[in-house]
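Keeping their order, the protein sequence lines are chains A and B.
Start counting the first sequence at 57; every next residue gets the next number (our numbering).
Start counting the second sequence at 54; every next residue gets the next number (our numbering).
Structure, as structure tokens:
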Amino acid sequence: MGVNQSVPKIDGKGLVMGKAAYTDDLAPENSLIVKVLRSPHAYAEIMSIDTSEAEKTEGIRCVFTYKNVPDKIFSRAGQGYPEPSPYDKKILDRFVRYVGDAVAFLAGVDEESVDEAIAKIKVTYRIMTPIIDFEKAKDSKTIVHDEDHTRSMFEMGHEPSRNIAARYAMEIGNVKEALKSCDIVHEGRYYTQAQAHCTMETHTAASWLDLQGRLVVMTSTQTPFHVRRILAKNLGMPISNIRVIKPRIGGGYGGKQCIHGEFFVTWVTLHTGLPAKIIYSRKETFQSTYTRHQMRIDMTIGAMKDGTIKAINMEVLSNTGAYGEHALTVLMVVGSKTLPLYNKVEAVAFSGDVVYTNTTPAGAYRGYGAIQGNFALESAIDELAEKLDIDPVVLRKKNMIHLGETSKIFEVMGEGQEGTPMTIESCELEKCLDICLEKLEYFEKGKSREISPHVVRGIGIAIAMQGSGIPHIDMGSSILKLNDDGSFNLMIGATDLGTGSDTIMAQIASETLKVPMDKIIVYSSDTDLTPFDVGAYASSTTFISGHSTRIAAENMIKEIKEAAKLQLGSNQVEYDGMIITSDKGDISLSELAEKLYYSEHQKQLVSSGSYVSSTTAPPYMAGGAEVEIDKRTGQIKLIRYVAAVDCGTTINPNLAKIQVEGALLQGIGMAMYEDVNYSDSGQLINNSFLKYNIPTRMEVESIDVSFVESYEPQGPFGAKSVGEIGIDTPPAAIANAINNALGVRITRLPIKSENVWMKLNHN
Amino acid sequence: MEITLNINHSMHHVLIRPDEFLLDTLRNMGIKSVKKGCDTSSCGICAVSVDNKLVRSCAYYSIRAEGKEILTVEGIREEASLIAEFLTGEGVEQCGYCSPGLVMAIYTMKHELDEPDIESIKHYLAGNLCRCSGYEGQHRAIMKYLEVK
Ligand code: FES
Chain A
57 MGVNQSVPKI DGKGLVMGKA AYTDDLAPEN SLIVKVLRSP HAYAEIMSID
107 TSEAEKTEGI RCVFTYKNVP DKIFSRAGQG YPEPSPYDKK ILDRFVRYVG
157 DAVAFLAGVD EESVDEAIAK IKVTYRIMTP IIDFEKAKDS KTIVHDEDHT
207 RSMFEMGHEP SRNIAARYAM EIGNVKEALK SCDIVHEGRY YTQAQAHCTM
257 ETHTAASWLD LQGRLVVMTS TQTPFHVRRI LAKNLGMPIS NIRVIKPRIG
307 GGYGGKQCIH GEFFVTWVTL HTGLPAKIIY SRKETFQSTY TRHQMRIDMT
357 IGAMKDGTIK AINMEVLSNT GAYGEHALTV LMVVGSKTLP LYNKVEAVAF
407 SGDVVYTNTT PAGAYRGYGA IQGNFALESA IDELAEKLDI DPVVLRKKNM
457 IHLGETSKIF EVMGEGQEGT PMTIESCELE KCLDICLEKL EYFEKGKSRE
507 ISPHVVRGIG IAIAMQGSGI PHIDMGSSIL KLNDDGSFNL MIGATDLGTG
557 SDTIMAQIAS ETLKVPMDKI IVYSSDTDLT PFDVGAYASS TTFISGHSTR
607 IAAENMIKEI KEAAKLQLGS NQVEYDGMII TSDKGDISLS ELAEKLYYSE
657 HQKQLVSSGS YVSSTTAPPY MAGGAEVEID KRTGQIKLIR YVAAVDCGTT
707 INPNLAKIQV EGALLQGIGM AMYEDVNYSD SGQLINNSFL KYNIPTRMEV
757 ESIDVSFVES YEPQGPFGAK SVGEIGIDTP PAAIANAINN ALGVRITRLP
807 IKSENVWMKL NHN
Chain B
54 MEITLNINHS MHHVLIRPDE FLLDTLRNMG IKSVKKGCDT SSCGICAVSV
104 DNKLVRSCAY YSIRAEGKEI LTVEGIREEA SLIAEFLTGE GVEQCGYCSP
154 GLVMAIYTMK HELDEPDIES IKHYLAGNLC RCSGYEGQHR AIMKYLEVK
């Protein structure tokens, strides 16, 4: 029926045909327009703020500053509760901590009046010296959270007086001793930048009061239930008085796993009784939402001459910007979703500090630390191979993880807490690697070759793993309801970001119930009408919510059988989807449904399922880049990118493929194009699509994705996650390819032609 | 001021500000397929057809469109629906936010390019950004669509 088939997305046609679907399309017509006055300074105290002229402006309904909004401290991160992120943010504060931080917000009848009024707010700032360079942040004279106002919900090394948002350290075995016994030790330092998500729909939220006076919030979020909880706590109202609806959203990638405009619109609605909406400008989205964590990663890897890797040490410095959303958890993923790749080591250690600076806050972004860690680890493995004089692929194959094996790291490191021990029950990494090598003709062509006296090509490889949800924390649930024509409503908390999860859930329900896809009517992500789900993050939706839908469907079959027994007067019934058979006769599902609601033994059939996993089955992949470089100019061309992925059994091969292709291009963007620069005073320079270059279709020569089917026993119908893993390999694979072509090692992202040229000419 | 616009095959008298952009005029009229993606005319999300030429409605004054034929996805239903078949066949309408703009670009491309091949297609569509799909699937879909045409 439904599973392992490339069915089109159930909402796809409607989206392409431009149906009203996103927050701004659906917000009430008469919504007040809300805008935020943003700080021009990277670090300042508001000494005075005069809103009187703004309030008098025609069309303005209200203006808010830190003096008239709730004075509560919280984390905006949409994560499990209690959140593993420090509480360090207020709706509005007397202090502004980065250029773009919120100073005030106001609402008016139209954009013109709001723009006019916002210019009339008079603020006097006491400007302070900002700390912009994250390598100088720890123990800097500038303390980003100076007041004694922040706190963490549990121990995470939170030390604001030292600009440390969170820290973590672990060691398995004795790394120092193990390194001493190695023949070759490689040490390297790697830098990754603060990538921007660039969702095509900017952050948008609307709110209004319903007939019963309850607060309704429609928002482009990845986590409607977390938004409801965070709003309720900080607006000081019960959860029962708030309904959060996620309509279609124009991209997430982690960027919408956080509260952004929701407080501003809801506060306006609560004060005026009127509908309100906020649409972030593109500049605001760059400057005032959040980014990937910028990092510096120090690697030490030791091996024996025969290529046995004995010890790995990874030390991280992560920049969380002005606020600490996802600070601890992203840090831990740097190690926990990379180091188990080389599971045969004698000793392994991981440690890191996450520091505050006066820059745009960092938060969740697809890959969530894994891409940063992968760049460092997979670059370092190639460098080690070079020192050992062993082919990097051979070195990987000798040391990497296989089916039936485990890593102590699974047990030690989780996300913000201890991990869960697990044995790998599906892993086709070796096959993935072989497919990439074959397609790139790695052994035939060699790692490098000259095209002309000035032009060389190189091939580079990287391998990666990710997780599938967070064990014991991520929960998803589903409700099924039988209709009087034999169709089903499937209500799910799972949050479709455009990834196609509504379709995936429909496929799983259709497969389990043995009915065609068109008998399943999906409704998702509405806190009033759908059951709880943590939301779309941590590669969890197919793996966790998928199981909940399977369970709900299995429970529905039990309900149907019970009802059929009564109708047919038999104790033995068989269900095969369209027909229920028994020794006393048969009944079709639609006949049964009609009887149930109109004539005999009337009863509404409803079932539910919820699921929490005890493991996080890792998907695996290999990625290979072929680059061409003109030695005269340093110009780099990515000739092709080849990827082979083991994400278990794909529920929808087409959608899985697009997930990987899209993620690869975001990874390629991070590797080669997407630059983030601040001025000394803390102005973000790359704050538009003119200055922040995401790849266009001109940058794509060839992206070639294939899947190596495996069966994950823990996953629904053998599936593992696929949403994030695709992003992880490009930075390291491209750096390795450039090194193989030129003998030049680039350790800082993005890798731009001028950096290559500089290295070639002024090493 | 009041102007008359020919939108999706029918004439509309609309009240606009003199400096109003077509994007806002269309959205205010309830044509929600036209969306905004940036503030620098760089993303192609808002693309519409004006006299069979692709324009960025976020940077095109509504008053300039007087006397011209404006088309959005809503005005080319049959063609758009066919293009949609191919896009959804590959699953490239991920978040879908960029899709209506892309459909309009494919529509005008067909009028403008005589013998489109992958290079000229990429060139023509370079201004239509997509952050979800990685473009490869879009190209697969477009090639199949053009083959059928
Ligand atoms: S489908 Fe999301 S931006 Fe193109």
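Ideal Cβ positions, reconstructed from N, Cα and C, are used throughout, including at glycine.
Given the structure is predicted, the values throughout are model-derived calculations rather than measurements.
Rounded C-beta distance between residue i and residue j? I'm assuming under 8 Å.
i	j	result
Glu402 (chain A)	Ala367 (chain A)	6 Å
Val92 (chain A)	Phe320 (chain A)	6 Å
Thr551 (chain A)	Ser581 (chain A)	5 Å
Ile548 (chain A)	Met561 (chain A)	5 Å
Lys89 (chain B)	Leu76 (chain B)	6 Å
Val72 (chain A)	Asn708 (chain A)	Not really, about 17 Å apart at Cβ, beyond 8 Å.
Thr705 (chain A)	Phe431 (chain A)	Not a contact, Cβ separation roughly 29 Å.
Ile750 (chain A)	Leu182 (chain B)	7 Å
Met823 (chain A)	Arg184 (chain B)	For chain A, the structure presents residues 57 to 819; residue 823 (chain A) sits outside this window and is missing.
Pro37 (chain A)	Met521 (chain A)	The question about residue 37 (chain A) has no answer here: the residues shown for chain A are numbered 57 through 819.
Met360 (chain A)	Ala436 (chain A)	Wrong, their Cβ atoms sit about 16 Å apart, outside the cutoff.
Phe342 (chain A)	Ala252 (chain A)	6 Å
Asp853 (chain A)	Ser766 (chain A)	Absent from the structure is residue 853 (chain A), since the part of chain A shown begins at 57 and ends at 819.
Ile305 (chain A)	Gly554 (chain A)	7 Å
Gly58 (chain A)	Met573 (chain A)	6 Å
Cys99 (chain B)	Arg338 (chain A)	Their Cβ separation, rounded to whole angstroms, is 12 Å, which puts Cys99 (chain B) and Arg338 (chain A) out of contact at 8 Å.
Tell me whether residue i counts as near the ligand SAH, meaning its Cβ is closer than 6 Å to at least one heavy atom of that ligand.
i	result
Arg338 (chain A)	For the ligand SAH, the structure offers nothing, since it holds only the ligand FES.
Worksheet item: Can we say the stretch 129-144 of chain A touches the stretch 62-77 of chain A, given the rule of at least three CB pairs closer than 8 Å?
Response: no
Fill in: Contact list for the stretch 253-273 of chain A against chain B, Cβ threshold 9 Å
His253, Cys254, Thr255, Met256, Glu257 and Thr258
Fill in: Within the stretch 171-254 of chain A, ranges of the alpha helix (DSSP H) (whole runs, at least 4 residues)
231-236
Discussion item. Below 8 Å, how does it come out for the stretch 365-382 of chain A and the stretch 412-431 of chain A: are there three or more Cβ pairs, yes or no?
Written reply: yes
Worksheet item: Going along the stretch 743-759 of chain A in order, which residues come within less than 7 Å of chain B, judged by CB to CB distance?
Response: Ser744, Phe745, Leu746, Ile750, Thr752, Arg753, Met754, Val756 and Ile759
Worksheet item: In chain order, what residues of the stretch 136-152 of chain B put their CB closer than 9 Å to some CB of chain A?
Response: Ile136, Ala137, Glu138, Leu140, Thr141, Gly142, Glu143, Gly144, Val145, Glu146, Gln147, Cys148, Gly149, Tyr150, Cys151 and Ser152
Item to complete: Return the chain-ordered ranges of every beta strand (DSSP E) run that is complete within the stretch 560-628 of chain A and spans a minimum of 3 residues.
Response: 576-580
Worksheet item: Is there contact here, the stretch 259-269 of chain A with the stretch 76-94 of chain A, by at least three beta-carbon pairs under 8 Å?
Response: yes
Practice prompt. Assess, as a yes-or-no matter, whether the stretch 165-181 of chain A is touched by the stretch 104-117 of chain A under the definition of 3 or more beta carbon pairs within less than 8 Å.
Written response: yes
Fill in: Positions along the stretch 170-189 of chain B whose CB lies within less than 9 Å of some CB in chain A
Ile174, Lys175, His176, Leu178, Ala179, Gly180, Asn181, Leu182, Cys183, Arg184, Cys185, Ser186, Gly187, Tyr188 and Glu189
Fill in: Residues of the stretch 74-92 of chain B whose Cβ lies closer than 7 Å to any Cβ of chain A, in chain order
Lys85, Ser86, Gly90, Cys91 and Asp92
Worksheet item: Which ranges would you report for the alpha helix (DSSP H) in the stretch 747-801 of chain A if only whole runs of at least 4 residues count?
Response: 786-798
Worksheet item: What are the complete beta strand (DSSP E) segments, minimum 3 residues, inside the stretch 390-421 of chain A?
Response: 403-412
Practice prompt. Give, in chain order, every residue of the stretch 151-165 of chain B whose Cβ lies closer than 8 Å to some Cβ of chain A.
Written response: Cys151, Ser152, Pro153 and Val156
Fill in: Meets three-Cβ-pair contact criterion under 8 Å: the stretch 128-136 of chain A and the stretch 216-225 of chain A
no
Worksheet item: At what residue ranges does the stretch 332-371 of chain A contain a whole run of the beta strand (DSSP E), taking only runs of 3 or more?
Response: 332-335 and 350-359
Worksheet item: Touching or not, the stretch 501-518 of chain A and the stretch 528-538 of chain A, by the rule of three or more beta carbon pairs under 8 Å?
Response: no
Worksheet item: Three or more C-beta pairs closer than 8 Å, one from the stretch 273-289 of chain A and one from the stretch 345-355 of chain A: is that the case here?
Response: no
Discussion item. Count Cβ pairs between the stretch 687-707 of chain A and the stretch 757-764 of chain A that sit closer than 8 Å; are there 3 or more?
Written reply: yes
Fill in: Interface residues of the stretch 542-554 of chain A facing chain B [CB-CB below 7 Å]
Leu553 and Gly554
Worksheet item: Is the number of C-beta pairs between the stretch 142-152 of chain B and the stretch 171-179 of chain B that are closer than 8 Å three or more?
Response: no
Discussion item. Short of 9 Å Cβ to Cβ, which residues in the stretch 107-140 of chain B face chain A?
Written reply: Thr125, Val126, Glu127, Arg130, Ala133, Ser134, Ile136, Ala137, Glu138 and Leu140
Item to complete: Counting only runs of 4+ residues fully inside the stretch 96-184 of chain A, write out the alpha helix (DSSP H) ranges in chain order.
Response: 108-112 and 167-174
Worksheet entry | Contact list for the stretch 315-348 of chain A against chain B, Cβ threshold 7 Å | Ser337, Arg338 and Lys339
Worksheet item: Between the stretch 396-411 of chain A and the stretch 454-463 of chain A, do three or more beta carbon pairs fall short of 8 Å?
Response: yes
Fill in: Selection of the stretch 290-319 of chain A by Cβ proximity to chain B, strictly under 7 Å
Arg304, Ile305, Gly306 and Gly307
Worksheet item: For the stretch 61-74 of chain B, which residues have a beta carbon sitting closer than 8 Å to at least one beta carbon of chain A?
Response: none
Item to complete: Could you tell me whether the stretch 58-74 of chain B touches the stretch 230-245 of chain A, using the rule of 3 or more Cβ pairs below 8 Å?
Response: no
Item to complete: Compile a chain-ordered list of the residues in the stretch 71-82 of chain A whose CB is closer than 9 Å to at least one CB of chain B.
Response: Leu71, Val72, Met73, Gly74, Lys75, Ala76, Ala77, Tyr78, Asp80, Asp81 and Leu82
Worksheet item: In the stretch 292-322 of chain A, which residue ranges form an unbroken beta strand (DSSP E) of at least 3 residues, counting only runs that do not cross its ends?
Response: 298-301
Discussion item. Going residue by residue through the stretch 121-200 of chain B, where are the continuous beta strand (DSSP E) segments of at least 3 residues, counting only ones entirely within it?
Written reply: 122-124
Practice prompt. Check whether the stretch 602-621 of chain A touches the stretch 483-498 of chain A, counting contact only when three or more Cβ pairs, one atom from each stretch, lie closer than 8 Å.
Written response: no
Worksheet item: Three or more C-beta pairs closer than 8 Å, one from the stretch 629-644 of chain A and one from the stretch 588-599 of chain A: is that the case here?
Response: no
Discussion item. Just to confirm the assignment: which complete alpha helix (DSSP H) runs, minimum length 4, are found wholly within the stretch 446-501 of chain A?
Written reply: 448-455, 464-468, 485-496 and 498-501
Fill in: Residues in the stretch 170-195 of chain A having any Cβ partner in chain B nearer than 7 Å
none
Worksheet item: Is it true that the stretch 127-138 of chain B meets the stretch 106-118 of chain B, where meeting means three or more beta-carbon pairs spaced less than 8 Å apart?
Response: no
Practice prompt. Check each residue of the stretch 94-105 of chain B: if its Cβ is closer than 8 Å to any Cβ of chain A, include it; give the result in chain order.
Written response: Ser95, Cys96 and Ile98
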